[in-house]
Amino acid sequence: MLKEIHEMGFSIGNHTYSHVNLKELTLKEQEREIVKLNNLVDGIIGVRPKYFRAPFGSNTEHSKKVAEKEKMLVMNWTYGYDWEKEYQDKKALMEIMLNSPYLGNGANLLMHDRKWTCEAIEDIVKGFQKKGY
373 MLKEIHEMGF
383 SIGNHTYSHV
393 NLKELTLKEQ
403 EREIVKLNNL
413 VDGIIGVRPK
423 YFRAPFGSNT
433 EHSKKVAEKE
443 KMLVMNWTYG
453 YDWEKEYQDK
463 KALMEIMLNS
473 PYLGNGANLL
483 MHDRKWTCEA
493 IEDIVKGFQK
503 KGY
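Residue numbers (the numbering used here): 373 to 505.
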């Protein structure tokens with residue numbers, strides 16, 4: 373699946389090997405979480421990830437240094453709502469994603485592979501296009 377996504381032209385990022393809170397790990401464990409995944413991705417698609425987003429947005433100074441050493445841009449999200457109970461349906465999620473006060477050029481939107489997100493994504497994208505994004 374990773375190879376297919378890459379071949380479609382999408383950038384591949386690193387979100388750690390096992391989705392742990394980096395602030396709860398030793399320095400060596402943090403590095404292993406990041407580098408191990410980079411090595412696996414490189415082995416599958418022949419390219420190392422260019423982006424890093426820590427699970428839970430929980431970066432550490434060490435994880436930032438590891439990402440820099442791995443030549444990755446450390447990222448975080450501007451906004452995302454699909455994990456909040458009140459936005460776990462298509463209409464509510466679409467409305468908040470399109471009308472969030474945080475929406476603007478360069479916003480990095482957090483969305484997960486969830487039923488309601490999958491149902492809403494087409495309308496969200498069309499709504500962004502209507503707004504000129």
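Cβ atoms here follow ideal geometry from the backbone N, Cα and C, with glycine treated the same way.
For residue i, does the three-state DSSP call read helix, strand or coil?
i: Y451; result: strand
i: L465; result: helix
i: N480; result: coil
i: Y474; result: coil
i: Y459; result: helix
i: F500; result: helix
In angstroms with no decimal places, state the Cα-to-Cα distance between residue i and residue j.
i: P473; j: G499; result: 15 Å
i: R486; j: D454; result: 8 Å
i: L374; j: K502; result: 30 Å
i: V407; j: A479; result: 27 Å
i: V419; j: V438; result: 17 Å
i: K385; j: P421; result: Correcting the residue identity first, residue 385 is Gly in this sequence and not Lys. Distance between the alpha carbons of G385 and P421 is about 5 Å.
i: R425; j: M447; result: 5 Å
i: P427; j: I493; result: 22 Å
Just to confirm my understanding: we take residue i, look at its own chain, exclude 5 residues before and 5 after, and list those with CB closer than 7 Å. What are they?
i: H434; result: L399 and Q402
Output needed for residue i: all residues of its chain with C-beta closer than 8 Å, excluding positions within five of it in sequence on either side, in chain order.
i: K395; result: S430 and T432
i: T489; result: D454, L465 and M483
i: L397; result: E405
For residue i, I'd like the list of residues in its chain whose CB is within less than 6 Å of its CB, leaving aside the five on either flank, ordered along the chain.
i: L445; result: Y423
i: D495; result: M466
Buried or exposed, going by whether 16 or more other CB atoms sit within 10 Å of the CB of residue i?
i: I416; result: exposed
i: I468; result: buried
i: N477; result: exposed
How close, in whole Å, do the beta carbons of residue i and residue j come, if the pair is a contact with beta carbons under 8 Å?
i: W449; j: L470; result: Not confirmed; about 16 Å, so no contact.
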